[in-house]
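Take a look at the structure below.
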Amino acid sequence: MTTSPLADVRAGLIAVFPPVVAVVPFALILGQQATAKGLSPAEMLAMSSIVFAGSSQLIAVGLWSQPAPIAALALMALLVNLRHVLMGASLSGKIAHFGRLRPLAAFLLTDEAWALSERRAIDQPISRAFYFTVALTLFGFWQVASVLGTLLGAHLEHPEALGLDFAFPAIFIALALGFWKGARRTGPVLVASATVAVIVHATVPGAWYVIAGALAGIVAAVLAAPREAPAGKEATP
Amino acid sequence: MTIDPVNLAAILAMGIVTYLTRIAGFLIADRLPKSGPVRVALDALPPAVLVAVVAPIVLSGPIEAVAGIATLLLAFRLPLIGVVVVGVGLVALLRLAFG
Numbered sequence: 004m005t006t007s008p009l010a011d012v013r014a015g016l017i018a019v020f021p022p023v024v025a026v027v028p029f030a031l032i033l034g035q036q037a038t039a040k041g042l043s044p045a046e047m048l049a050m051s052s053i054v055f056a057g058s059s060q061l062i063a064v065g066l067w068s069q070p071a072p073i074a075a076l077a078l079m080a081l082l083v084n085l086r087h088v089l090m091g092a093s094l095s096g097k098i099a100h101f102g103r104l105r106p107l108a109a110f111l112l113t114d115e116a117w118a119l120s121e122r123r124a125i126d127q128p129i130s131r132a133f134y135f136t137v138a139l140t141l142f143g144f145w146q147v148a149s150v151l152g153t154l155l156g157a158h159l160e161h162p163e164a165l166g167l168d169f170a171f172p173a174i175f176i177a178l179a180l181g182f183w184k185g186a187r188r189t190g191p192v193l194v195a196s197a198t199v200a201v202i203v204h205a206t207v208p209g210a211w212y213v214i215a216g217a218l219a220g221i222v223a224a225v226l227a228a229p230r231e232a233p234a235g236k237e238a239t240p
Numbered sequence: 023m024t025i026d027p028v029n030l031a032a033i034l035a036m037g038i039v040t041y042l043t044r045i046a047g048f049l050i051a052d053r054l055p056k057s058g059p060v061r062v063a064l065d066a067l068p069p070a071v072l073v074a075v076v077a078p079i080v081l082s083g084p085i086e087a088v089a090g091i092a093t094l095l096l097a098f099r100l101p102l103i104g105v106v107v108v109g110v111g112l113v114a115l116l117r118l119a120f121g
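Protein sequences, first through last, are from chains E and P.
The opening position of the first sequence corresponds to residue 4 in this note's numbering, with each subsequent residue numbered one higher.
The opening position of the second sequence corresponds to residue 23 in this note's numbering, with each subsequent residue numbered one higher.
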């Protein structure tokens, strides 16, 4: 089940194409918002390359003032990005063979790179060539598009009219389908996660809804699992 | 093309906590068991996170809900890029018509 690095680079480029289409408008909007808050193109590049986490960057730009509220921005980034802990825990064993590249793989971990890698791990091992092709491509486009956004931002006044904000949920819905393992195993996970996420999103400010929904989903998985194990012992009628 | 020192400090602070969230999962996972309930939980994590991110967006309005259901159905048939293009186009059309 080994494929050549070149084939994995190709597979990575094909896989990463839809997220790039989704990420570029997002980064352009981020750049435009940053300009409106008085951030320079160089500061945008510094943030995009050092933080490299879209949602937290967009929220940060919304919170930005002069002088920058350092503690509030750091706490916000921590809360918005806490979901990475769960993603890293899930991905870790699947990229154990990355060796000394693991800290770099962690730095480049994004929702999109993680989701594509988890999807690929269902069918075959995640190679370094695949992961870094996906992650570095996203990194490159993120830098270029967010800086471009600071330069051309004024022309993108109503991006939501083009529906571009829906590209991200569309990708996640399509990827989520890949994890379907039947109504009994995956059904409770999806229902619990969606229900709790929606309730927490409506009642608690901030990004806690992702953590709360994900935790509800995995609790549902654990509660649903033991019923399946003894069921195997019973003979079919 | 300048970088303000306070802005840079804020960017570095955000970068450090964000990297901690990224590496923390790797460090914890190395100490987690390979089977049992913890394993079941980790295996369920990808769909749980994806759905938790998407559900509030899809339920944020009637246009998003319609497009979300359409996207889900399309995803059984179309490749990812097709799902994105049709989903985005549908949202743009619905907003033009009803927005």
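Cβ atoms here follow ideal geometry from the backbone N, Cα and C, with glycine treated the same way.
Values in this document were obtained by computation on a predicted structure and should not be read as measured data.
Note on geometry: alpha-carbon atoms of residue 100 of chain E and residue 40 of chain E lie some 43 Å from one another.
For residue 64 of chain P, the closest C-alpha among the options E:168, E:187, E:90 is that of E:90. About 7 Å separates the beta carbons of residue 119 of chain E and residue 19 of chain E, which is inside the 8 Å limit, making them a contact pair. Look at the segment 94-109 of chain E: the residues with a C-beta under 9 Å from a C-beta of chain P are 94, 95, 96, 98, 99, 105, 106, 108, 109.
C-alpha of residue 24 of chain E to C-alpha of residue 17 of chain E: approximately 12 Å in a straight line. Counting other Cβ atoms within 10 Å of its Cβ, residue 130 of chain E reaches 16 or more and is therefore classed as buried. The shortest C-alpha to C-alpha distance from residue 125 of chain E to any of E:94, E:190, E:73 is the one to E:94. Rounded to the nearest angstrom, the gap between the Cα atoms of residue 87 of chain E and residue 189 of chain E is 22 Å. Among the residues of chain E, those whose CB is under 8 Å from the CB of residue 117 of chain P are 163, 164, 166, following chain order.
In the structure shown, the three-state DSSP call for residue 69 of chain E is coil. Taking C-beta atoms under 8 Å as the contact rule, residue 80 of chain E and residue 52 of chain E fail to qualify, at a distance of about 15 Å. Distance from the CA of residue 27 of chain P to the CA of residue 71 of chain E, rounded to the nearest whole angstrom, comes to 10 Å. Beta-carbon to beta-carbon, residue 72 of chain P and residue 178 of chain E are separated by about 6 Å, close enough to satisfy the 8 Å threshold. In this structure, DSSP gives residue 127 of chain E a state outside helix and strand, which the three-state scheme calls coil.
Contacts with chain E at 7 Å (Cβ-Cβ) include residue 103 of chain P. In the DSSP annotation of this structure, the continuous segment of the alpha helix (DSSP H) that includes residue 175 of chain E starts and ends at 170-180. Sorting E:32, E:191, E:11, E:73 by C-alpha distance to the C-alpha of residue 147 of chain E places E:32 at the top. The C-beta of residue 196 of chain E comes closer than 7 Å to at least one C-beta of chain P.
Remark: C-beta atoms of residue 76 of chain P and residue 29 of chain E do not approach each other more closely than 7 Å. Listed along the chain, the chain E residues whose CB falls inside 7 Å of the CB of residue 88 of chain P amount to none; the nearest CB is some 11 Å away. Rounded to the nearest whole angstrom, the C-alpha separation of residue 52 of chain P and residue 45 of chain P is 11 Å. Nearest Cα to residue 121 of chain E within the set E:15, E:66, E:228: E:15.
Apart from sequence neighbours up to five positions away, the residues of its chain that approach residue 12 of chain E with a beta-carbon distance below 8 Å are 132, 133, 136, ordered along the chain. Contact of residue 176 of chain E with chain P is assigned, a C-beta pair being separated by under 7 Å. In this structure, residue 221 of chain E and residue 49 of chain P do not form a Cβ contact; the two beta carbons are roughly 19 Å apart against a cut-off of 8 Å. Among the residues of chain P, those whose CB is under 9 Å from the CB of residue 172 of chain E are 75, 76, 79, 80, 86, 89, 90, 93, 109, following chain order. Contact between residue 36 of chain P and residue 54 of chain E holds, since their C-beta atoms are separated by about 5 Å, short of 8 Å. Against chain P, the beta carbon of residue 189 of chain E has neighbours under 9 Å at 66, 69, listed in chain order. Ranked by Cα distance from residue 140 of chain E, the options E:216, E:213, E:115 are led by E:115.
Residues 131, 135 of the same chain have their beta carbon placed closer than 8 Å to that of residue 104 of chain E, with the five preceding and five following residues left out of the count. In the DSSP annotation of this structure, residue 113 of chain E is not part of any alpha helix (DSSP H), being labelled neither H nor E. By a beta-carbon distance limit of 8 Å, residue 192 of chain E contacts residue 224 of chain E. Their separation comes to about 5 Å. In the same chain as residue 215 of chain E, and ignoring 5 residues on each side of it, the C-beta atoms closer than 7 Å to its own belong to 199, 200, 203, in chain order. Per DSSP, the unbroken alpha helix (DSSP H) holding residue 22 of chain E starts and ends at 8-39. A check of alpha carbon separations from residue 40 of chain P across E:57, E:21, E:35 identifies E:57 as the nearest. Secondary structure at residue 26 of chain P: coil, using DSSP grouped into helix, strand and coil.
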